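Shown next, in structure tokens, is the structure this report addresses.
The following block contains the structure:
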């Protein structure tokens, strides 16, 4: 199982704490963490994953591996700028969003478009015409977020496995 | 001036009507229309632009020019899937969003991240923690949407022209 | 008909002269010129096309329209770095390569992979195991290069038009 | 150290044998294998790497993880088609090319453009104006190819580490 952590490269201490707990719990449950590979929420999640003995993949926007945070095991250097956000989402069974700026919103949007489950910890809320049309699954703690991500990611995977359903 | 029209490839008659009016007004005001080059809102906007004597550019997701709607003058074939959404937004001075599904939300998110003005006609509303944090400029008619797009796009351009401000 | 001009952003006076003549001839024959939108061979070709009254599209690698040469009519801002080379090639009916560095070689390689005809004016030669396996059509003058591009581009297009052949 | 294996998804038995030996030797030397994640040369290299106890990363062109060969540990789903070739090359310290079709040529071209060392086992030869301008380092065996890749990849890395040299 591969789970994406999305969130801003600058974040509050509370967001960093949640991201780190998500990373640690993903590691404990045997999931690989994929993220944008940089600072803030991404670095906190990678730090947590490594502390938990897990593995981390960073999908970097720029042209050099040097921009990866020190907890990235496998740095993927895309040189594609923000277009790398789609790769993070497509490669994941589920996405956990913490806080978030507009870059995070784009990742949530792509995930929902592609049918990848999104679990939110204090992130964007979406509505149209004043009515909530929010497909983000809300979690109230990092452990609950990971629990839901693994559960929803698993059913998402099984659906893929049905021949001809892609 | 280059203005992007973003919206779904399947849309309501009302959305198509608005998109067509936007395209016609952009043409009348001498702006080039850029969009995803396919059906629905995109086709309606291109049809309007051509009816108004304007020029249209379609940034296509697939591997062939054949997926362009018949009103695209310059088909750009990216083969990049949804990553082409970023090219539409980056190439525009302003973005007008009509209605919209998750793909449109991703385009809005990218535009806001890049600082490209977004004008909305009945599209997504954004909030965090129950508070609206909505940077989308709301318009109530196609003509007003184009008016705002040209005005905001122009100041956006001038800002770019200040040396060292990029 | 859309024809791509590929070549380096730094080039010899002889290469610039050939590229400019290619641009002028494409314009005279009513073809749209597509290129990387920057300096050297690209700028010379755009200058020729504009002198001939033609239209030019620049597929830019960076994040801003400001890097386009002054003869680009439609700047497409990709933010994708060298990955934009594929878009140039995919969007063209035929590719004309002048001189060329490794970036040009990548464009030739992609064109040959995709089945887009490549016409060469003093560009790379390819072999394997000491045997030439060169699918580049060699031209000896800009006018001949354009002639072959339009001819081969046309048959390439017709092939696409056969239903089910994509 | 991360080393890329590039080569066609259909290959001769001799090429598959070489690729498998490259994968095994990379694993033995502690390097991570990165490749396009599909069949032919890529699958053979991954199979070799897994047999040797190594780790494999597949940068997939399509929209689903299902196209990965069974020896890929970390499937990265790009949805970018051939543009994923650039990611393979950018993410590697060195590139080993076996045999090869035009897709492989594009990867070689990008690597040479980016200054990533390319080691060739029976692959393309490049010339201009009848003169060889071939920057590909030729190896005569898989073990030699890996040896050169690790050696050249290492000096390439050190160069990157000099502050301000990027």
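Chains as they are written, first to last, in this note's numbering: chain A, 1 to 166; chain B, 1001 to 1166; chain C, 2001 to 2166; chain D, 3001 to 3166.
Each residue gets a CB set at the ideal place from its N, CA and C atoms; glycine is no exception.
Keep in mind the model is a prediction, meaning the values are calculated, not measured.
For residue 139 (chain A), the secondary structure class from DSSP, reduced to helix, strand or coil, is coil.
Taking a Cβ-Cβ threshold of 7 Å, the residues of chain C close to residue 3106 (chain D) are 2106, 2109, 2110 and 2113, in chain order.
Non-local beta-carbon contacts of residue 2112 (chain C) in its own chain, meaning distances under 7 Å to residues more than five positions away in sequence, involve 2118 and 2135 in chain order. In the three-state reduction of the DSSP assignment, residue 1118 (chain B) falls in the strand class, which pools E and B. Residue contact with chain C for residue 1057 (chain B): present (Cβ-Cβ distance below 8 Å to some residue of chain C). Across the region 2078–2097 of chain C, CB contacts with chain B closer than 7 Å involve 2078, 2079, 2086, 2087, 2090 and 2091, in sequence order along the chain. Here residue 3078 (chain D) is buried: its Cβ has 16 or more other Cβ atoms, across all protein chains shown, within 10 Å. For residue 2035 (chain C), the secondary structure class from DSSP, reduced to helix, strand or coil, is strand. Using a Cβ-Cβ cut-off of 8 Å, residue 1015 (chain B) does not count as an interface residue toward chain A, since no Cβ of chain A sits closer than that to its own.
Unbroken beta strand (DSSP E) stretches of 3 residues or longer found wholly inside the region 22–102 of chain A: 32–35, 56–60, 74–77 and 94–98, given in chain order.
Contact annotation: residue 2097 (chain C) and residue 2121 (chain C) have beta-carbon atoms nearer than 8 Å. Taken through DSSP and simplified to helix, strand or coil, residue 2004 (chain C) comes out as strand.
Contact holds between the region 63–83 of chain A and the region 37–47 of chain A, because three or more Cβ pairs, one in each stretch, are under 8 Å apart. Residue burial annotation: residue 91 (chain A) is buried, with at least 16 other C-beta atoms found within 10 angstroms of its C-beta. If you compare the alpha carbons of D:3023, D:3124, D:3133 and D:3155 with that of residue 3054 (chain D), the shortest gap goes to D:3023. The C-beta distance from residue 1009 (chain B) to residue 1038 (chain B) rounds to 5 Å, short enough to fall under 8 Å.
2063, 2064, 2065, 2066, 2074 and 2075: these are the residues of the region 2063–2075 of chain C whose beta carbon lies less than 8 Å from some beta carbon of chain B, given in chain order. Residue contact check for residue 1009 (chain B) against chain A: no CB pair falls below 8 Å.
Cβ-Cβ distances below 7 Å link residue 3153 (chain D) to 3001, 3003, 3093, 3094 and 3117 in the same chain, with the five nearest sequence neighbours on each side left out; the list follows chain order. Scanning chain C for C-beta atoms nearer than 8 Å to the C-beta of residue 3120 (chain D) yields nothing, as the closest lies near 10 Å away. Residue 127 (chain A): member of the beta strand (DSSP E) spanning 124–128, first to last residue.
Assigned with DSSP and collapsed to three states, residue 1155 (chain B) falls in helix. Taking a C-beta distance under 8 Å as the contact criterion, residue 3007 (chain D) and residue 3041 (chain D) qualify as a contact pair.
The C-beta distance from residue 1062 (chain B) to residue 1027 (chain B) rounds to 26 Å, too long to fall under 8 Å, and the pair is not in contact.
Among the residues facing chain C, residue 3103 (chain D) is included, as its CB has a counterpart in that chain under 8 Å away.
Around the beta carbon of residue 3140 (chain D), a 10 Å sphere encloses fewer than 16 other beta carbons of the protein chains shown; the residue is thus reported as exposed.
Around the beta carbon of residue 3013 (chain D), fewer than 16 other beta carbons lie within 10 angstroms, which makes this residue exposed.
Within the DSSP secondary-structure output, residue 2132 (chain C) pairs in a beta bridge with C:2127. Burial state of residue 1133 (chain B) is exposed, judged by a 10 Å Cβ sphere holding fewer than 16 other Cβ atoms.
One thing to note: residue 106 (chain A) has its Cβ within 8 Å of the Cβ of residue 1106 (chain B). In summary, residue 131 (chain A) is exposed, with fewer than 16 beta-carbon neighbours lying within 10 Å of its beta-carbon over all protein chains present.
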